[in-house]
Amino acid sequence: ANGNCEPYETGIKGYCDDFYDAGVTYVYIPKRRLGGSQTLLRQFLEEANAFLNQTSSHCSEIAKNVLCTHYYLPCGFNGTRHVPLPLCPVVCQYMSETLCPDFWSFFSTYLISNSLDTEYRSDEGVNLPLSTVVQMEV
1 ANGNCEPYET GIKGYCDDFY DAGVTYVYIP KRRLGGSQTL LRQFLEEANA
51 FLNQTSSHCS EIAKNVLCTH YYLPCGFNGT RHVPLPLCPV VCQYMSETLC
101 PDFWSFFSTY LISNSLDTEY RSDEGVNLPL STVVQMEV
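Under this note's numbering, the residues of the sequence shown are numbered 1 to 138, in order.
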């Protein structure tokens, strides 16, 4: 298997806790994304959230939904699990080109910056599916 469909975990406050119910919602994390570890993914998103909180964006709630769905692929509820369907590239492309291009560009730039811990920056699974970073106009 390339990953596991397992209950969303909590324990410490997480970026996606408002989006998923612990123990009820099942999420899929590919093994190529931080070794499939929910703990590492939680730490990555908390670090990213601390950085994103420095920005003001009308897109922050939409972005949170997209990022949580992208990084934690929903795969059902207790007793009704199914094959996870990736949100990206279609929704991510719409978000990056039409809905919130400034926010998406900012986050994409953050993922390759020295502000992000090396452990996360070198992991292919945290990269966004759009490899090009749109330069923001000044």
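Note that the Cβ used here is the ideal one computed from N, Cα and C, for glycine as well.
{"Item": "Identify whether tyrosine 94 lies in helix, strand or coil by the three-state DSSP scheme.", "Value": "helix"}
{"Item": "Valine 126: which of Tyr8, Ile29, Pro7 and Gly11 sits nearest, CA to CA?", "Value": "Ile29"}
{"Item": "Which one or two residues does DSSP pair with glutamate 6 in a beta bridge?", "Value": "Val27"}
{"Item": "Does the beta-carbon distance from leucine 73 to proline 86 come in below 9 Å?", "Value": "yes"}
{"Item": "For glutamate 196, which residues from the same chain have a beta carbon less than 8 Å from its beta carbon, with the 5 sequence-adjacent residues on both sides left out?", "Value": "Because residue 196 is not part of the residues shown, which for the chain are 1 to 138, the question remains open."}
{"Item": "Pick out whichever of Ile12, Ser122 and Pro84 has its Cα sitting closest to the Cα of glycine 35.", "Value": "Ser122"}
{"Item": "Give, in chain order, every unbroken run of the beta strand (DSSP E) that is at least 3 residues long and sits entirely within the stretch 64-92.", "Value": "73-77"}
{"Item": "What is the residue span of the alpha helix (DSSP H) that serine 19 lies within?", "Value": "Here residue 19 turns out to be phenylalanine, not serine, going by the sequence shown. Counting along the chain, phenylalanine 19 falls outside any alpha helix (DSSP H), and DSSP gives it neither H nor E."}
{"Item": "Which of helix, strand or coil does DSSP assign to isoleucine 12?", "Value": "coil"}
{"Item": "Over the uninterrupted alpha helix (DSSP H) stretch that includes proline 101, give me the two end residues.", "Value": "101-111"}
{"Item": "Indicate whether cysteine 92 and leucine 45 have their beta-carbon atoms separated by less than 9 Å.", "Value": "no"}
{"Item": "Let me confirm a value: glycine 11 is counted as buried when at least 16 other C-beta atoms fall within 10 Å, else exposed. Which label applies?", "Value": "exposed"}
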